[in-house]
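Here full-length UniProt numbering is used: position 62 in the sequence shown is 62, and no number is missing along the way. Every residue gets a Cβ at the ideal spot worked out from N, C-alpha and C, and that includes glycine. Worksheet: one structure, shown below.
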Amino acid sequence: MKIVLVVIGKTDKDYLREGVRLYCSRIGHYVPFRMVEIPDIKGMSSLGKEQVKEKEADLILKYARPSDEVVLLDERGKERDSVTWASGLQERFLRDSRDLVFVIGGPYGFSKRVYDRADALMSLSRMTFSHQMARLIFLEQLYRAFTIIKGEPYHHG
């Protein structure tokens, strides 16, 4: 099993890029992992929100094979604390060998097609984060989950 994080747009702040690189590298010690950055839609300013979401959907869905479990990071998703999420990931690894694809959408969210394809929605917080911050927070929490699963000292909860 492997994990893929699909994101819309590039990480353009150096401090965020460094954090993303750090956690991607650390996660790779536990599971095959990659992050896919889908470029922003060209001419986005001349398109309506729904058109942008549909164009992004075409690109997002290329990374979601029928056999994959797709989890959207979405404000309406289920919130979990770090320990509960780690426990759920561990149980999932034991019962299911499908690849996991997490998706952080663009500024307008997801199209209906992407929601229809999703197996689950997950919320990082009731607070709103920029899409670039959300990827760093998600990656840190994914790394934290693996350290909890392995009983490593990173998590002090």
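Tell me where the beta strand (DSSP E) around Val4 begins and ends. 3-8
In terms of residues, what are the limits of the alpha helix (DSSP H) holding Ala64? Looking at the DSSP string, Ala64 is not in any alpha helix (DSSP H), and its letter there is neither H nor E.
Give the DSSP bridge partners of Leu121, in chain order. Leu72
Reference Glu69, options Glu75, Thr84, Asp99, Lys42, closest by Cα: Asp99
What's the C-alpha gap between Ile8 and Tyr30? 25 Å
Anyone know if the C-beta pair for residue 177 and Met122 falls short of 8 Å? Residue coverage of the chain in this structure runs from 1 to 157, which leaves residue 177 outside it and unanswerable.
Please determine if the segment 1-18 and the segment 31-48 are in contact, where contact requires at least 3 C-beta pairs separated by less than 8 Å. yes
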